[in-house]
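Everything on this sheet refers to the single structure shown next.
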Amino acid sequence: MQKKKASAITSYNKWGYFFLIPFIVVFLIFQLIPLVSTVYYSFFENYRSGLKQIGPNFVGLGNYVKLIGQKDFLIYFKNTMIMWVMGFIPQILVSLLLGAWFTDPSLRLKGQRFFKTVIYLPNLIMASAFAMLFFALFADGGPVNSILVNAGFLAKPYKFMSHVWSVRGLVALMNFLMWFGNTTILLMAGMLGIDTSLFEAAQVDGATATQIFFQITLPLLRPILVYVMVTSLIGGLQMFDVPQILTNGTGDPMSSSMTLIMFLNKHLFSKNYGMAGALSVILLIITGILSMFIFKTTAQNEVK
Amino acid sequence: MANNKASSGASIHVRRAVSYVVLILLSFLCLFWFYVLFINATRSNGELGRGFTAIPSSHLMENLNNMLHSSQPMLSGLRNSVFISACTAALTTYFSVMTAYAIHSYEFKGKKAIFTFILAIMMIPTQVSALGFIRLMTKMKLMNNFIPLIVPAIASPVTFFYMKQYMESNLPSSLIEAARIDGAGEFYTFNKVVLPLMVPAIAVQAIFAFVSSWNNYFTPALVLSKDKMKTLPILIAQLRAADWLKFDMGQVYAAIAFSIFPVIIVYLFLSKYIVGGVAAGAVKG
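Residue numbers (our numbering), protein chains in the order written: chain C, -19 to 284; chain H, 391 to 675.
And the structure:
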């Protein structure tokens, strides 16, 4: 009897493998093989020069040396980081502020559901269409210039698309708008998870709202803040749709808004597979290191 | 003491007023662009050239009509986008529940290793393997095909993780055991007992999967080059690449509105579940 039951359980457990088959097969074909072959291609010289096909010739780390030696790569990396920071700093500050207000029981804000719905909305908008919209709205003869000139803020239309910092600013503004609602909701969940007796005790001791925020909320929120920052950084490294559409893939003016993935996209379309491979691998290594931080915190909670 | 109470009372009023002002400003900042988009989609090219007005005009149907009959295949783009997004949402939710169920309910060798592995690859962006992906799809003759945009959704670590979290608190093992005692097969139990219990999680993740596939630009732009196969984001990018000043601006706004407003309308009906879903994913994430 005992033996029969045990064998029935093991036969159930075979189904665990069966249910894993679709995930594993699809993962192998569409993710793992492409990833491994990307690494493989990165060691070969393989591109078109005019009508002539060069390679594939094995060049070892030649593509990496060439890529890092190029000024372009470093400039695009810097651009990506600048635009990410410009969007992320207001994003985290505004989200902390809103999260603190929404979760503060003494404020009793009304219409919370409305505000949350509105601030989350831009996250669901097609980034390419949003960028196209901004391009139309901030054009020299577009509605934003029309409003600013009519209101007397500007004497003549400002050429938003021809200045380094206005293009970067628009990209950062769009990223901020698309992500601060999401971050607010994440931080709120973290804030609501804090033991309320801590707040009550602090209030009894006469702490002000500001003191409570900096002395209790912020330190206890640290794990979530790290999570938000690292995931946002990984997302920032993938920045593509918004600057690509806004500048039509040129990264104008003077490649000042060209990001790493736009650079990768360019290599993929011009079929420079060696350089595309090396660039992919570098991005993979950077994201790999960053996601180790997240993995550590998630895995500690999940894998027991 | 009374004095102290009064001053803290006043400060609450001030703080509340400040927070309302900031919230209203931020809401304005979020909605303003879509308001202008709506207004401009209703105005003719000539009216748009004369600067901005806050009142809608009467050319919405005309703009939409011109846009749908322009050289850009917007209607087939809409069809392709809906098809790809719907298939992606269906596959990613069904198979993520299946994968999560395998890890959640069975004991087998290598289970922990597989789970750790899925967590580890969760953050790897699709872009870094795009090169190998495109070359493999070319070899498999799957370029200009929807398969490379739909089938990979079966292996989605993020959706899997959400489903696994949901199962831990909402799938009692007693129900599965009861089904086994009744003699139900494992696959039958999965489809008839487990899936119905997962409906709330499936709904939330289906919405996210649909929207992210709907908005996806990078991979479809690499895979699809035939006009009839293109999705809306690719057509929007083409609108940008074309010398847009020659265009009828009313049509350009109508095309953007055509890609943005369906999602906004659906969102307004489902916002409660969507915002709740983000928060639910956050608590343990």
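Idealized CB from N, CA, C, for every residue including glycine.
These numbers come from a predicted model, not from an experiment.
Three or more C-beta pairs below 8 Å linking the region 62 to 82 of chain C and the region 617 to 626 of chain H: The region 62 to 82 of chain C, when compared against the region 617 to 626 of chain H, does not touch it at the 8 Å Cβ threshold.
Can you find the residues in the same chain that come closer than 6 Å, C-beta to C-beta, to Leu178 (chain C), ignoring five residues on each side of it along the sequence? If we look at Leu178 (chain C) and ignore the five residues flanking it on each side, its Cβ neighbours are Ile196.
Any heavy atom of the ligand ADP closer than 6 Å to the CB of Leu521 (chain H)? By its list of ligands, the structure shown contains no ligand whatsoever, and the ligand ADP lies outside what it can speak to.
Pick helix, strand or coil for Ser448 (chain H), following the three-state DSSP scheme. It is coil, neither helix nor strand.
Could you compute how far the alpha carbon of Gln517 (chain H) sits from the alpha carbon of Leu41 (chain C)? Rounded to the nearest angstrom, the two C-alpha atoms are 21 Å apart.
Helix, strand or coil for Lys531 (chain H)? Go by DSSP, reduced to three states. DSSP places Lys531 (chain H) in the coil class of the three-state scheme, outside both helix and strand.
What residue range is occupied by the uninterrupted alpha helix (DSSP H) comprising Tyr578 (chain H)? In the DSSP assignment, Tyr578 (chain H) falls within the alpha helix (DSSP H) that extends over 576 to 579.
Going along the chain, which residues of the region 95 to 113 of chain C sit with their C-beta nearer than 9 Å to a C-beta in chain H? Cβ contacts with chain H come from Phe95, Lys96, Thr97, Val98, Ile99, Tyr100, Leu101, Pro102, Asn103, Leu104, Ile105, Met106, Ala107, Ser108, Ala109, Phe110, Ala111, Met112, Leu113.
Nearest-angstrom Cα separation, counted from Val548 (chain H) out to Met158 (chain C): Cα to Cα, the separation comes out at about 20 Å.
Leaving out five residues on either side along the sequence, give the residues of the same chain with a beta carbon under 6 Å from the beta carbon of Val6 (chain C). Excluding the 5 residues flanking it on each side, Val6 (chain C) has no same chain C-beta neighbour closer than 6 Å.
Closest Cβ-Cβ distance between Gln218 (chain C) and chain H: below 7 Å? Yes, Gln218 (chain C) lies at the interface with chain H (some Cβ there is under 7 Å from its Cβ).
For my contact list, Ala644 (chain H) and Ala503 (chain H) are in at a C-beta cut-off of 8 Å; report their separation, rounded to the angstrom. With 8 Å as the limit, Ala644 (chain H) and Ala503 (chain H) do not qualify as a contact, their Cβ atoms being about 53 Å apart.
Going along chain C, which residues have a C-beta under 7 Å from Glu497 (chain H)? Near Glu497 (chain H) (Cβ distances below 7 Å), the residues of chain C are Asn(-7).
To the nearest angstrom, how far is the alpha carbon of Tyr552 (chain H) from that of Lys90 (chain C)? Roughly 31 Å between the two C-alpha positions.
Which residue or residues does DSSP assign as beta-bridge partners of Ile34 (chain C)? Note: Ile34 (chain C) sits in a beta bridge opposite C:Tyr27.
Excluding sequence positions up to five away, which residues of its chain have a Cβ less than 6 Å from the Cβ of Tyr253 (chain C)? Excluding the 5 residues flanking it on each side, Tyr253 (chain C) has same chain C-beta neighbours closer than 6 Å at Tyr21, Asn26, in chain order.
Can you find at least 3 beta carbon pairs, one from the region 655 to 669 of chain H and one from the region 462 to 473 of chain H, that sit closer than 8 Å? No, the region 655 to 669 of chain H does not touch the region 462 to 473 of chain H.
Step through the CB atoms of chain H and report whether any lies within less than 7 Å of the CB of Phe24 (chain C). Not closer than 7 Å to any Cβ of chain H, the Cβ of Phe24 (chain C) fails to qualify, so no.
Given a threshold of 16 other Cβ atoms within 10 Å of its Cβ, counted over all protein chains shown, does Pro2 (chain C) qualify as buried or as exposed? Pro2 (chain C) is buried by the Cβ-count criterion.
Cα-Cα, which of H:Leu629, H:Ile654, H:Phe598, H:Ala632 is closest to Gly667 (chain H)? Shortest Cα-Cα distance from Gly667 (chain H) to any of H:Leu629, H:Ile654, H:Phe598, H:Ala632 involves H:Phe598.
Name the residue from H:Ser460, H:Val426, H:Ser417, H:Arg406 whose alpha carbon lies nearest to the alpha carbon of Phe651 (chain H). Residue H:Val426 is the option with its Cα nearest to Phe651 (chain H).
To test your reading of the DSSP string, which unbroken alpha helix (DSSP H) runs of 4 or more residues are found completely within the region 218 to 252 of chain C? Within the region 218 to 252 of chain C, the runs of alpha helix (DSSP H) that reach at least 4 residues and sit entirely inside it are, in chain order, 221 to 226, 240 to 249.
At the level of alpha carbons, what is the spacing between Ile402 (chain H) and Trp81 (chain C)? So the two alpha carbons sit approximately 11 Å from each other.
Delimiting residues of the alpha helix (DSSP H) encompassing Gly436 (chain H): 435 to 439 is the span of the alpha helix (DSSP H), which, as asked, contains Gly436 (chain H).
Residues in the region 569 to 588 of chain H having any Cβ partner in chain C nearer than 8 Å: Of all residues in the region 569 to 588 of chain H, Arg570, Glu576, Phe577, Phe580 have a Cβ within less than 8 Å of some Cβ in chain C.
Could you please tell me which residues of the region 6 to 22 of chain C, in chain order, have their CB closer than 9 Å to any CB of chain H? Using a CB distance below 9 Å, the part of the region 6 to 22 of chain C facing chain H consists of Val6, Phe7, Leu8, Ile9, Phe10, Gln11, Leu12, Ile13, Pro14, Leu15, Val16, Ser17, Thr18, Val19, Tyr20, Tyr21, Ser22, ordered along the chain.
Beta-carbon of Ser126 (chain C) versus every beta-carbon of chain H: anything under 7 Å? Yes, contact with chain H.
Against chain H, does Phe133 (chain C) count as a neighbour if the rule is that its beta carbon must be under 7 Å from one of theirs? Not closer than 7 Å to any Cβ of chain H, the Cβ of Phe133 (chain C) fails to qualify, so no.
Select from the region 510 to 522 of chain H all residues with a C-beta closer than 9 Å to any C-beta belonging to chain C, and list them in chain order. When CB distances to chain C are screened at a threshold of 9 Å, the residues of the region 510 to 522 of chain H falling below it are Ala510, Ile511, Met512, Met513, Ile514, Pro515, Thr516, Gln517, Val518, Ser519, Ala520, Leu521, Gly522, in chain order.
Looking at Thr18 (chain C) and Gly257 (chain C), is the spacing between their C-beta atoms short of 7 Å? Their beta carbons are under 7 Å apart, which means Gly257 (chain C) touches Thr18 (chain C) by this criterion.
Interface flag, Pro590 (chain H) vs chain D, CB-CB below 7 Å: The structure shown contains no chain D; its protein chains are C and H.
What do you get for Ala545 (chain H), buried or exposed, if any count of 16 or more other CB atoms within 10 angstroms of its CB means buried? Its Cβ being crowded by 16 or more others within 10 Å, Ala545 (chain H) is buried.
Using a Cβ-Cβ distance under 7 Å, would Ile266 (chain C) count as near chain H? It does not: the Cβ of Ile266 (chain C) has no partner Cβ on chain H nearer than 7 Å.
Residue range of the unbroken alpha helix (DSSP H) whose run includes Phe53 (chain C): From DSSP, the alpha helix (DSSP H) with Phe53 (chain C) extends over 51 to 83.
Using the rule of at least 16 other Cβ atoms within 10 Å of the residue's Cβ for burial, across every protein chain shown, is Phe94 (chain C) buried or exposed? Classification of Phe94 (chain C): exposed, given that the 10 Å Cβ count is below 16.
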